[in-house]
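Taking it in order: structure first as structure tokens, then the write-up.
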Amino acid sequence: MTTTAPPTGSTSPVRVDGDGGSGDQPGRRPRRTGGKAGRQMHAGWLTYAILTVFAIGSLFPLVWTAIAASHSNTRLAQTPPPFTFGDRLWENLDTAWNTGNMGMALFNTLFVASAITISTVLFATLAGYAFAKLRFRAKNLLLLLVIGTMMVPPQLGVVPLYMAIAELGWTNRLQAVILPMMVSAFGVFFMRQYLVQALPKELIEAARVDGAHSLRVVWHVVLPVARPAMAVLGMLTFVMAWNEFFWPIIALTQQNPTVQVALTGLGRGYVPDQGVIMAGALLGTLPLLIAFAVFGRQIVGGIMHGALKG
Amino acid sequence: MTSHDLNAASPAEGGAAPRPAKGGDDERERRRQRRRSWRYRMDTKASPYGFILPFFLFFGAFGLFPLLFTGWAALHRVRLQDPGSMEWAGFHNFTRLMSDEFFWNALANTFTIGLISTVPQLCIALGLAHLLNYKMRGSNFFRVAMLTPYATSVAAATLVFAMLYGRDYGMINWALGLVGIDNIDWEGGSWTSQFAISTIVIWRWTGYNTLIYLAAMQAVPKDLYESAALDGASAWKQFLHVTLPSLRPTILFTIVVSTIGATQLFGEPLLFGSGPSGGSQNQYQTLGLYMYEMGWFNFNLGRASAIAWAMFLLLIIIGLIYWAVSKWVTRGTTGKGD
Numbered sequence: 001m002t003t004t005a006p007p008t009g010s011t012s013p014v015r016v017d018g019d020g021g022s023g024d025q026p027g028r029r030p031r032r033t034g035g036k037a038g039r040q041m042h043a044g045w046l047t048y049a050i051l052t053v054f055a056i057g058s059l060f061p062l063v064w065t066a067i068a069a070s071h072s073n074t075r076l077a078q079t080p081p082p083f084t085f086g087d088r089l090w091e092n093l094d095t096a097w098n099t100g101n102m103g104m105a106l107f108n109t110l111f112v113a114s115a116i117t118i119s120t121v122l123f124a125t126l127a128g129y130a131f132a133k134l135r136f137r138a139k140n141l142l143l144l145l146v147i148g149t150m151m152v153p154p155q156l157g158v159v160p161l162y163m164a165i166a167e168l169g170w171t172n173r174l175q176a177v178i179l180p181m182m183v184s185a186f187g188v189f190f191m192r193q194y195l196v197q198a199l200p201k202e203l204i205e206a207a208r209v210d211g212a213h214s215l216r217v218v219w220h221v222v223l224p225v226a227r228p229a230m231a232v233l234g235m236l237t238f239v240m241a242w243n244e245f246f247w248p249i250i251a252l253t254q255q256n257p258t259v260q261v262a263l264t265g266l267g268r269g270y271v272p273d274q275g276v277i278m279a280g281a282l283l284g285t286l287p288l289l290i291a292f293a294v295f296g297r298q299i300v301g302g303i304m305h306g307a308l309k310g
Numbered sequence: 001m002t003s004h005d006l007n008a009a010s011p012a013e014g015g016a017a018p019r020p021a022k023g024g025d026d027e028r029e030r031r032r033q034r035r036r037s038w039r040y041r042m043d044t045k046a047s048p049y050g051f052i053l054p055f056f057l058f059f060g061a062f063g064l065f066p067l068l069f070t071g072w073a074a075l076h077r078v079r080l081q082d083p084g085s086m087e088w089a090g091f092h093n094f095t096r097l098m099s100d101e102f103f104w105n106a107l108a109n110t111f112t113i114g115l116i117s118t119v120p121q122l123c124i125a126l127g128l129a130h131l132l133n134y135k136m137r138g139s140n141f142f143r144v145a146m147l148t149p150y151a152t153s154v155a156a157a158t159l160v161f162a163m164l165y166g167r168d169y170g171m172i173n174w175a176l177g178l179v180g181i182d183n184i185d186w187e188g189g190s191w192t193s194q195f196a197i198s199t200i201v202i203w204r205w206t207g208y209n210t211l212i213y214l215a216a217m218q219a220v221p222k223d224l225y226e227s228a229a230l231d232g233a234s235a236w237k238q239f240l241h242v243t244l245p246s247l248r249p250t251i252l253f254t255i256v257v258s259t260i261g262a263t264q265l266f267g268e269p270l271l272f273g274s275g276p277s278g279g280s281q282n283q284y285q286t287l288g289l290y291m292y293e294m295g296w297f298n299f300n301l302g303r304a305s306a307i308a309w310a311m312f313l314l315l316i317i318i319g320l321i322y323w324a325v326s327k328w329v330t331r332g333t334t335g336k337g338d
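Protein chains in written order, with the working numbering: chain A, 1 to 310; chain B, 1 to 338.
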């Protein structure tokens with residue numbers, strides 16, 4: 001799955017930020033010398049027009065979610081559909097929060113997604129470091145196993161997982177949705193690809209010479225270097241865990257839901273009110289949208305960086 | 001002092017045996033050094049396994065084992081009411097699948113929805129990435145805006161789109177009405193429902209693929225464009241003969257990832273209607289949805305496992321096809337020398 005080689009001639013660790021690691025930000029750096037990549041042509045008005053149309057298309061359904069959440073069910077059952085905000089937003093949010101169980105769902109999801117993110121990032125960093133910089137037997141075979149399993153969807157194993165949690169009496173408990181998601185093959189591969197480049201061997205050896213044992217090396221050398229990639233992996237994992245759908249709706253019920261489970265309940269007519277359903281969708285999406293507004297550049301950079309390596 | 005021994009055993013030199021301490025101090029000092037270096041070697045030998053152990057433990061328990069055990073469960077009668085008891089059934093679950101019209105219907109739906117969601121999605125993404133690769137103002141705004149659907153969950157996105165596609169009061173039918181088209185029953189029809197579900201997938205994933213293509217485009221050496229421009233190649237020719245060939249591995253990668261995603265399609269068809277049947281005529285029931293209905297609505301976990309393994313087989317076939325195609329594609333490029 002090696003796609004593209006990193007930009008040639010850069011000896012510094014690849015940056016993980018809004019520029020996608022290639023350091024390519026046209027217009028900001030007029031003088032550039034050889035080896036850099038990318039096109040330099042200026043965008044015309046047609047380019048702006050097309051991109052604006054697609055940006056609006058991307059954002060409109062979300063804006064309309066908020067608009068629909070501010071109207072009553074009767075208003076939404078009329079044509080033309082509303083294009084401006086109504087006055088029922090707080091009422092609908094309140095109903096979704098209490099009757100639709102979105103409040104509990106939000107706290108559950110926050111807990112579940114945080115636990116999954118912390119463990120995924122931690123274990124992926126450790127394993128990624130071992131695969132990137134350490135020698136051990138069967139290393140290449142094990143790495144191949146990691147890469148191979150990145151492609152196998154976890155959905156295919158839900159029947160035995162369900163049988164297991166039914167035996168353990170874990171149905172409707174949060175550990176049932178946390179434990180199966182605690183590691184990710186993609187995460188291991190992502191961290192390995194980053195550390196291969198970003199972590200100089202001399203740094204590890206210098207620490208070794210000073211008498212540091214392997215855990216001290218991880219704490220004092222590997223983690224500081226890995227931090228930017230860990231942050232990106234953490235954000236990507238959090239988004240994925242927040243939006244996890246298939247397994248939670250099997251393992252949990254409306255009595256103890258995550259956001260996606262509660263939304264499924266709303267969608268199936270748990271509360272037959274379109275405005276409330278949209279208010280629930282808004283509540284369930286808003287935390288991630290706020291995160292995108294704040295960390296958008298970093299997330300964009302992380303995906304682009306991962307693409308270069310992946 | 002100890003640095004000499006440490007160097008001798010460092011991974012750089014392949015963990016060679018420690019040399020005798022320099023200078024030949026007294027016996028006790030040497031023993032301490034030897035003990036230290038033994039502990040050191042154990043540390044370097046064992047610690048890599050310690051670092052990968054947590055991953056492989058969890059992966060084995062919750063990834064590999066369930067996948068393999070699904071194959072075992074598929075050979076048994078397992079009921080949802082009593083998942084602990086398994087009764088040997090041989091290949092009964094699989095043979096029933098072969099003559100099950102709902103299974104073939106779900107397979108066909110998965111295929112068509114996959115096709116009409118993946119192909120436009122990747123084509124649009126390629127075009128948008130090309131546009132975003134121009135020098136421009138506000139490029140960060142466009143990138144973040146187009147990625148926002150990626151942050152929206154399947155559930156939230158589908159509920160919103162189900163409303164937009166509503167038959168009587170949906171915004172899409174209202175807009176079509178403005179140009180004189182009668183209300184369409186999106187959910188009720190076969191092609192219309194599959195089209196609508198595909199637009200949800202396209203909406204959520206186009207931005208993500210755009211960024212992946214954009215990253216690959218930015219890594220294409222600038223010289224290639226310069227020499228192409230010197231040869232008098234138009235912008236379109238440059239896209240065709242420089243950008244596309246350089247992006248070939250990335251394009252193949254995104255095709256593989258979106259195809260895998262398409263075979264697993266579940267949340268969109270589940271929430272677009274109101275249940276696991278995928279419409280009154282099963283007109284948009286996918287394999288994932290059929291597995292869910294079989295296991296958790298028909299209480300037949302054994303047959304659900306058989307469906308899961310059929311999906312797994314499908315993935316392997318797709319994987320082999322792509323492997324053959326990528327072999328064929330790379331053979332084409334090595335001749336040209338890039």
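Every residue gets a Cβ at the ideal spot worked out from N, C-alpha and C, and that includes glycine.
Note to self: Measuring only the C-alpha atoms, how far is residue 45 of chain A from residue 315 of chain B?
What the structure shows: 43 angstroms
Checklist line | residue 179 of chain B burial status per 10 Å Cβ neighbour count (16 or more: buried) | finding: exposed
Margin query: Let's test the definition: count the other Cβ atoms within 10 Å of the Cβ of residue 133 of chain A and tell me whether it reaches 16, buried, or not, exposed.
Written below: buried
Check: How would you label residue 144 of chain A, buried or exposed, when you count the other beta carbons within 10 angstroms and need 16 or more for buried?
Finding: exposed
Item checked: Test: residue 169 of chain B CB closer than 7 angstroms to a CB of chain E -> Any reference to chain E falls outside this structure, whose protein chains are A and B.
Note to self: Does the structure place the region 77-96 of chain A close enough to the region 152-161 of chain A that three or more beta carbon pairs sit under 8 angstroms?
What the structure shows: no
Note to self: Residues in the same chain with beta-carbon distance under 6 angstroms from residue 34 of chain A, minus the five sequence neighbours each way, listed in chain order, please.
What the structure shows: Residue confidence is low: residue 34 of chain A scores 40 on pLDDT, short of 50, so the model does not pin down where it sits. Its coordinate-derived value is still stated next. Hits under 6 angstroms: none found.
Notebook entry, point to check: Quick one: which chain A residues come within Cβ less than 7 angstroms of residue 296 of chain B?
Noted result: Within 7 angstroms Cβ-Cβ: 250.
Next item on the list: Can you say whether residue 80 of chain A is buried or exposed, counting buried as having 16 or more other CB atoms within 10 angstroms of its CB?
Entry: exposed
Item checked: Chain-order list of residues whose beta-carbon lies under 7 angstroms from that of residue 143 of chain B (same chain, five-residue window excluded) -> 132, 211
Checklist line | Cβ-based contacts, 8 angstroms cut-off: residues of the region 73-91 of chain A near chain B | finding: 76, 77, 78, 79, 80, 81
Item checked: the region 65-78 of chain A touching the region 282-291 of chain A, judged by at least three CB pairs closer than 8 angstroms -> The answer is yes - the region 282-291 of chain A touches the region 65-78 of chain A, with three or more Cβ pairs under 8 angstroms.
Notebook entry, point to check: Where residue 229 of chain B and residue 61 of chain A are concerned, what is the direct C-alpha to C-alpha distance, given to the nearest angstrom?
Noted result: 41 angstroms
Notebook entry, point to check: What is the DSSP secondary structure of residue 273 of chain A, reduced to helix, strand or coil?
Noted result: coil
Item checked: Coarse secondary structure for residue 186 of chain B, derived from DSSP in three states -> coil
Note to self: Checking the sheet assignment: what are the DSSP bridge partners for residue 339 of chain B?
What the structure shows: Only positions 1 to 338 of chain B appear in the structure, and residue 339 of chain B is not among them; the question remains open.
Checklist line | Residues of its chain near residue 123 of chain A, where Cβ-Cβ distance is below 6 angstroms and the 5 sequence neighbours each way are ignored | finding: 183
Check: Is residue 42 of chain A helix, strand or coil when you go by DSSP?
Finding: strand
Next item on the list: Give the C-beta separation of residue 198 of chain B and residue 116 of chain B to the nearest angstrom, bearing in mind that I take them to be a contact with Cβ-Cβ under 8 angstroms.
Entry: Cβ atoms of residue 198 of chain B and residue 116 of chain B come within 8 angstroms of each other, at about 5 angstroms.
Note to self: Quick check on the burial criterion: 16 or more other C-beta atoms within 10 angstroms. Buried or exposed for residue 181 of chain A?
What the structure shows: buried
Check: chain B partners of residue 149 of chain A, CB-CB under 8 angstroms?
Finding: 59, 63, 64
Item checked: Closest Cα partner of residue 52 of chain B within the set A:188, A:241, A:303 -> The shortest C-alpha separation from residue 52 of chain B is found at A:188.
Checklist line | Whole-number beta carbon distance between residue 247 of chain B and residue 300 of chain A, since they are thought to touch under 8 angstroms | finding: Contact doesn't hold; Cβ gap of about 19 angstroms is too wide.
Item checked: Proximity below 7 angstroms, CB of residue 73 of chain A to CB of residue 274 of chain A -> Taking a C-beta distance under 7 angstroms as the contact criterion, residue 73 of chain A and residue 274 of chain A qualify as a contact pair.
Note to self: Less than 7 angstroms between CB atoms is the rule here; does residue 260 of chain A satisfy it with respect to chain B?
What the structure shows: Contacts with chain B at 7 angstroms (Cβ-Cβ) include residue 260 of chain A.
Check: On the premise that residue 265 of chain B lies in contact with residue 286 of chain B, defined as a C-beta separation below 8 angstroms, what is that separation, rounded to the nearest angstrom?
Finding: 5 angstroms
Check: Does the beta carbon of residue 255 of chain A sit closer than 7 angstroms to a beta carbon anywhere in chain B?
Finding: Not closer than 7 angstroms to any Cβ of chain B, the Cβ of residue 255 of chain A fails to qualify, so no.
Notebook entry, point to check: According to the Cβ coordinates, are residue 276 of chain A and residue 105 of chain A closer than 7 angstroms?
Noted result: no
Checklist line | Contact under 7 angstroms by Cβ, residue 200 of chain B with residue 157 of chain B | finding: yes
Next item on the list: Within the same chain, show all residues whose beta-carbon is closer than 8 angstroms to that of residue 114 of chain B, passing over the 5 residues directly before and after it, in chain order.
Entry: 259, 262, 263, 265, listed in sequence order.
Margin query: Considering just the uninterrupted stretch of the alpha helix (DSSP H) at residue 217 of chain A, what are its terminal residues?
Written below: 214-217
Check: What's the C-alpha gap between residue 171 of chain A and residue 318 of chain B?
Finding: 34 angstroms
Item checked: Span of the alpha helix (DSSP H) around residue 105 of chain B -> 101-132
Check: Is residue 307 of chain B buried or exposed, if buried means 16 or more other CB atoms sit within 10 Å of its CB?
Finding: buried
Item checked: Per-residue burial, residue 175 of chain A [other beta carbons within 10 Å of its own, 16 or more giving buried] -> exposed
Checklist line | residue 208 of chain A to residue 201 of chain A span [Cα, whole Å] | finding: 11 angstroms
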